[in-house]
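Engineer: Residue numbering for the sequence shown follows the numbering used here, starting at 91 and increasing by one per position.
From the three backbone atoms N, C-alpha and C, an ideal C-beta is built for every residue, glycine too.
Predicted model only: the values in this text are computed from it and were never measured.
Take this structure, written in structure tokens, and hold onto it; I'll ask about it next.
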Amino acid sequence: MAEFPTTRVALKLNGHQLQFEVEPRTLLVELIRENAGLTGTHVGCDTSYCGACTVVVDGRSAKSCTVLALQADGAEVTTVEGLETPEGLHVLQQSFTENHALQCGFCTPGFLMSALALLSVNADPDEAAIRKAFSGNTCRCTGYLPIITAVKAAAVKLKETVQ
Ligand code: FES
Ligand code: FES
């Protein structure tokens, strides 16, 4: 089988400046999972539908299965592994736990990253804004209401911490 030439991609991944040699056809989700070894970003479909692969790229949520790794050259990428700090879980992770916003958890990294992108531009989202932010995320088992509740609760907590 013919080998593809590789290209260097430099990006900031969860706060770390990193470089990877990838084929031009490599998807961002492949770079994240296979090259960087961060398997919290999931692949749930072959159709750009499920949103399990959602990450934050330069502040905006993106389905990493629809982005070439080369397109992320120079970008700042945050995956679910970038949420937790030495101080503990991110407010969103804590809120998902407290509000029973997950069952199997397969979709959860994608929902968390969509929520993170939303709260970075809208600190006080109403239900319509949350539903819109999740329009690209699918959950097959929890139902969406606990997830929406979790985001609302996280927004309140985040506002309290900045006051
Ligand atoms: S893996 Fe399903 S949208 Fe990316
Ligand atoms: S918690 Fe199972 S798919 Fe969402």
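What are the boundary residues of the alpha helix (DSSP H) that V241 is part of?
Structural biologist: Element bounds for V241: 235–252.
Engineer: Three or more C-beta pairs closer than 8 Å, one from the region 154–168 and one from the region 180–189: is that the case here?
Structural biologist: no
Engineer: How close, in whole Å, do the beta carbons of L117 and V147 come, if the pair is a contact with beta carbons under 8 Å?
Structural biologist: Actually they are not in contact, since the Cβ atoms of L117 and V147 sit about 13 Å apart, beyond 8 Å.
Engineer: Compare the Cα-Cα distances from R115 to each of L103, R98, V133, A223 and report the closest residue.
Structural biologist: R98
Engineer: Please list, in chain order, all residues of the same chain as A205 whose beta carbon is under 6 Å from its beta carbon, the five residues on each side excluded.
Structural biologist: L182, V241
Engineer: Hey, which unbroken runs of the beta strand (DSSP E) at 3 residues or more fall wholly within the region 142–186?
Structural biologist: 144–147, 150–153, 166–168
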